[in-house]
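Q: Quick one: the structure is below, and I'll ask about it shortly.
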Amino acid sequence: MLTKNDLTRYERQILYADFGEEGQKRLKQSHVVVAGLGGLGCSASLYLTCTGVGHVTLIDCDRVELSNLNRQVLHYEEDIGEGKPISAARKLAKLNSSIEVTPVFRKITERNAREIIKGANLVIDGMDNFKTRFILNKACVAEGIPFIHGGVHGLFGEVTTILPGRTPCLACIFPEVPQRKVSLPVFGVTPALIAILQVTEAIKLLAGFGSLLTGKMLYFSGDTMDFTFRNLVKNQNCKVCGTKDV
Amino acid sequence: MSIKVKLHPILQKLAGGQEVVEVTGHTTGECLENLESRFPVIKQMIRDNRGQLRRYCEILVNSESTYPKELTTPVKDGDQIDIVIFVTGG
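In order, the protein sequences belong to chains A and B. Residues in the first sequence are numbered from 204 upward in steps of one, following the numbering used here. Residues in the second sequence are numbered from 28 upward in steps of one, following the numbering used here.
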């Protein structure tokens, strides 16, 4: 049920015909897990919060560092040394006190991933490494939870929406988990843009309108300002979501 | 024999902005070597120092995965090879 405050706060998005009060109610009843509170996760959780998603869980095991501040917009100088979910949750609670924000200062592993995401309506990929992305991908497929992948490098970014059982998953495209974990170049604007595309997907998916980036990867090349797509094909032999015995 | 290699957007910058490069070869590996001979910087991006394909790269032929034969899959005239790169930053 939307309150009088809700109707005022979200008035401008409720005016969007395909969304309306029904869409806002759906967002209010939703639980989204934001995995990673770096460049992607900060911007994603900011817009999930201001758009009125009822419950946002923030998970990360890192602490804020000075070198994060060019892109991780929920962490300030005064937060250096603070756990990222705690730092982010403090700002989000001030932005929208009518929703629930749950910070989880914990590492995502093979053993706890399913427990962390269980019951969520979707998971936003804000990770900064291959290994945890693939753990989350597998956990989302196992739990049947949509997973909105985003990744960035320099001025380049990519987004796709994975619906377990219906669309290709990350392991369909990359059967082996890449091992690389190095500091990559990135401007703050790239994860901000990609995160906003992820949240756009989340809003449509949760409220039930529009079409989604399913079965295709959207690429953004900031150098040339090109947006391009690549179709993704489900791998029947996929070790995570395939239908054939392997 | 002409094979088209469609480059991931990150690689296009390393190939003078080209999205598709025509190469020759009988296998995906030969085609990639042909590509790398013309754009050596692409080799640094997609192979490790032992010459193995980096694991954040995947090779598709006519949109089908070649895993685990990324460098030995046969190709024929008119085929398209896609080089896909998975970006890790967040």
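Don't be surprised by glycine CBs; every beta carbon is placed ideally from N, CA and C. This one's a predicted model, so the numbers in the text were calculated from it and none came from an experiment.
Strictly by DSSP, which residues pair up with A:PHE359?
A: In the DSSP output, where bridge partners are listed per residue, A:PHE359 has A:HIS356, A:SER424.
Q: Taking Cβ-Cβ distances below 7 Å as the criterion, which residues of the segment 327-345 of chain A are in contact with chain B?
A: Going along the segment 327-345 of chain A in chain order, one finds GLY329, MET330, ASP331, ASN332, PHE333 with a Cβ nearer than 7 Å to chain B.
Q: Please report the distance separating the alpha-carbon of B:LYS40 from that of B:VAL48.
A: Roughly 13 Å between the two C-alpha positions.
Q: From what residue to what residue does the beta strand (DSSP E) around B:VAL48 run?
A: Counting along the chain, the beta strand (DSSP E) containing B:VAL48 begins and ends at 47-50.
Q: Compute the distance between the beta-carbons of B:TYR94 and A:PRO378, then report whether it is under 8 Å.
A: Going by C-beta atoms, B:TYR94 is nearer than 8 Å to A:PRO378.
Q: Can you list, in chain order, the residues of the segment 67-85 of chain B whose Cβ is nearer than 9 Å to any Cβ on chain A?
A: Listed in sequence order: ARG81, ARG82, TYR83, CYS84, GLU85.
Q: How should A:LYS287 be labelled, buried or exposed, when 16 other C-beta atoms within 10 angstroms of its C-beta is the threshold for buried?
A: By the neighbour-count rule (16 or more Cβ atoms within 10 Å), A:LYS287 is buried.
Q: Rounded to the nearest angstrom, what separates A:PRO381 and B:ILE69 at their Cα positions?
A: Distance between the alpha carbons of A:PRO381 and B:ILE69 is about 18 Å.
Q: Report buried or exposed for B:MET28, applying the criterion of at least 16 other Cβ atoms within 10 angstroms of its Cβ.
A: Exposed.
Q: With a threshold of 8 Å, are at least 3 pairs of Cβ atoms found where one atom belongs to the segment 389-409 of chain A and the other to the segment 348-356 of chain A?
A: The segment 389-409 of chain A vs the segment 348-356 of chain A: in contact.
Q: Going by C-alpha distance, which of A:PRO306, A:VAL267, A:THR260, A:GLY368 is nearest A:THR417?
A: Checked all of A:PRO306, A:VAL267, A:THR260, A:GLY368; the closest Cα to A:THR417 is A:GLY368.
Q: What's the gap between the Cα of A:PHE412 and the Cα of A:VAL256?
A: Going from the Cα of A:PHE412 to the Cα of A:VAL256 covers about 16 Å.
Q: In angstroms with no decimal places, state the Cα-to-Cα distance between A:LYS294 and A:GLY241.
A: Approximately 14 Å between the Cα atoms of the pair.
Q: For the putative contact between A:GLU346 and A:LYS321, defined by C-beta atoms under 8 Å, what is the C-beta separation to the nearest angstrom?
A: Their Cβ separation, rounded to whole angstroms, is 6 Å, which keeps A:GLU346 and A:LYS321 in contact under 8 Å.
Q: From the DSSP secondary-structure annotation, give me the bridge partner or partners of A:ASP328.
A: Partner(s): A:ALA238.
Q: Please report how far the alpha carbon of B:GLY116 lies from the alpha carbon of A:ASN438, in whole angstroms.
A: Cα to Cα, B:GLY116 sits roughly 25 Å from A:ASN438.
Q: Cα separation between A:THR312 and A:ILE338?
A: Roughly 7 Å between the two C-alpha positions.
Q: Could you tell me which chain B residues have their CB closer than 7 Å to the CB of A:GLU361, listed as they occur along the chain?
A: The answer, in chain order, is VAL114.
Q: Is the beta carbon of A:THR246 less than 8 Å from the beta carbon of A:ALA342?
A: In the sequence as displayed, the identity of residue 246 of chain A is Ser instead of Thr. Against a cut-off of 8 Å, the Cβ pair of A:ALA342 and A:SER246 comes out as no contact.
Q: Which residues in the same chain have their Cβ closer than 7 Å to the Cβ of B:GLU63, if we skip the five residues on either side of it in sequence?
A: So the list reads ILE69, LYS70, once near-sequence residues are dropped.
Q: How long is the line joining the alpha carbons of A:PHE333 and A:ARG229, rounded to whole angstroms?
A: Cα to Cα, A:PHE333 sits roughly 32 Å from A:ARG229.
Q: Tell me which same chain residues have a C-beta within less than 7 Å of the C-beta of A:ILE376, skipping the five on either side of it?
A: So the list reads LEU435, once near-sequence residues are dropped.
Q: According to DSSP, which residues form a beta bridge with A:PHE222?
A: A:PHE222 is not bridged to any residue.
Q: Use the C-beta contact count for B:GLU85: other C-beta atoms within 10 angstroms, 16 or more gives buried, fewer gives exposed.
A: It counts as buried.
Q: In chain A, what lies closer than 9 Å to B:VAL88 by C-beta?
A: The contacting residues do not exist; B:VAL88 stays about 12 Å from chain A at best.
Q: Expressed to the nearest angstrom, what Euclidean distance is found between the alpha-carbon atoms of A:SER414 and A:GLU280?
A: Those two C-alpha atoms are separated by around 39 Å.
Q: What number of angstroms, rounded off, separates the C-alpha of A:SER217 from the C-alpha of A:GLY226?
A: Looking at the sequence shown, residue 217 of chain A is not Ser but Ile. The alpha-carbon atoms of A:ILE217 and A:GLY226 are separated by roughly 8 Å.
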